[in-house]
């Protein structure tokens with residue numbers, strides 16, 4: 246059963262490790278799922294993106310995200326989040342979001358020389374409900 250918002254025990258799971266998320270978007274009733282790096286804070290998920298995911302979100306901002314920790318093929322926990330996405334194209338906010346992601350997953354700030362230009366947009370998802378186990 247889905248819970249409103251994000252329970253505190255789920256917040257702990259979302260911030261403790263470096264698991265990848267899979268974001269599901271939809272266009273014309275055709276689902277699209279893709280792996281992403283994510284940053285969680287205050288019932289909000291952020292990620293940077295371009296391409297098909299961004300096109301779909303611009304048309305339909307309702308998204309879901311699936312995050313799982315597993316070891317040797319055995320799931321230890323899983324979380325599914327449902328929410329509404331906001332596309333942010335401001336360069337300063339995009340760079341700040343990208344920096345948060347790089348700090349989380351690489352332990353350093355991004356650089357243009359090593360990491361290239363950032364994707365087209367920062368996406369901020371306001372989490373409405375959560376399913377976990």
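Numbering (our numbering), first residue to last: 246 to 378. Glycine included, C-beta positions come from ideal geometry on N, C-alpha and C. All figures in this text were calculated on a predicted structure; none of them were measured in a lab.
DSSP places residue 368 in the uninterrupted beta strand (DSSP E) bounded by 366 to 377.
Segment contact: the region 316 to 335 against the region 363 to 377, three or more CB-CB distances shorter than 8 Å; contact assigned. When only Cα atoms are considered, residue 370 and residue 290 end up about 5 Å apart.
The region 258 to 271 makes contact with the region 280 to 288; the number of CB pairs closer than 8 Å reaches 3 or more. In this structure, DSSP gives residue 263 a state outside helix and strand, which the three-state scheme calls coil. Taking C-beta separations shorter than 6 Å and ignoring five residues to either side along the sequence, the partners of residue 270 in its chain run 277, 298, 301, 302 and 308, following chain order.
About 5 Å separates the Cβ atoms of residue 330 and residue 306, confirming a contact at the 8 Å cut-off. Where residue 282 is concerned, there is no enclosing alpha helix (DSSP H), because DSSP gives it neither an H nor an E. Straight through space, the alpha carbons of residue 274 and residue 349 are spaced by roughly 33 Å.
Where residue 320 is concerned, the enclosing beta strand (DSSP E) starts and stops at 319 to 333.
In this structure, residue 368 lies away from residue 260, with their beta-carbon atoms at least 8 Å apart.
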